[in-house]
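Report on the structure given below.
Residue numbers (the working numbering): 349 to 479.
Printed below as a string of structure tokens:
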């Protein structure tokens, strides 16, 4: 095989390899970027939910929490939403079956997707919210 054909073949392999590497890097970068955007959305949803929970509790309507949480779960595209006490017991959940379970116990009940993003937002209980 002439030298010119060998060089062209080698250059073609180098170009294809370079494209594969850059494509892989770009794909990884885009996945990371999408996760960061989702996490920022979760922070925003967490802030809004905290304010709405405080409003419901200050109004003395704790029974409205379940509806509020169901709405946030649906509208926010969340897979789960829970209020957990400092011992890890689920006090409120968009899924009533979870109430009373320890949060660690629930995590072992089902398979967790690899791309799931966990976000925990501590909400300090204020004195008037004890109703």
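We treat Cβ as the ideally placed atom computed from N, Cα and C, and that holds for glycine.
Specify the secondary structure class of residue i as computed by DSSP and reduced to three states.
i, result
"residue 449", "coil"
"residue 478", "Its pLDDT being 49, under 50, residue 478 is placed unreliably by the model, and nothing is read from it."
"residue 427", "coil"
"residue 440", "strand"
"residue 471", "coil"
Compare the C-alpha of residue i against each of the options and name the closest.
i, options, result
"residue 445", "404, 428, 379 and 433", "428"
"residue 433", "394, 393, 451 and 407", "451"
"residue 426", "398, 407, 449 and 386", "386"
Around the C-beta of residue i, are 16 or more other C-beta atoms found within 10 angstroms, so that it is buried, or is it exposed?
i, result
"residue 378", "exposed"
"residue 405", "buried"
"residue 381", "exposed"
"residue 442", "buried"
"residue 438", "buried"
"residue 356", "exposed"
Closer than 8 Å by C-beta to residue i: which residues in its own chain qualify, once you throw out the five before and the five after it? Chain order, please.
i, result
"residue 440", "413, 414, 417, 430, 431 and 447"
Looking only at its chain, what residues have a beta carbon closer than 6 Å to the beta carbon of residue i, apart from the 5 residues adjacent to it on each side?
i, result
"residue 409", "none"
Beta carbon of residue i: closer than 7 Å to some heavy atom of the ligand ATP?
i, result
"residue 430", "Only the bare structure without any ligand can be found here, which leaves the ligand ATP out of the picture."
Using 8 Å for Cβ pairs, my map puts residue i next to residue j. What's the rounded Cβ distance?
i, j, result
"residue 424", "residue 393", "5 Å"
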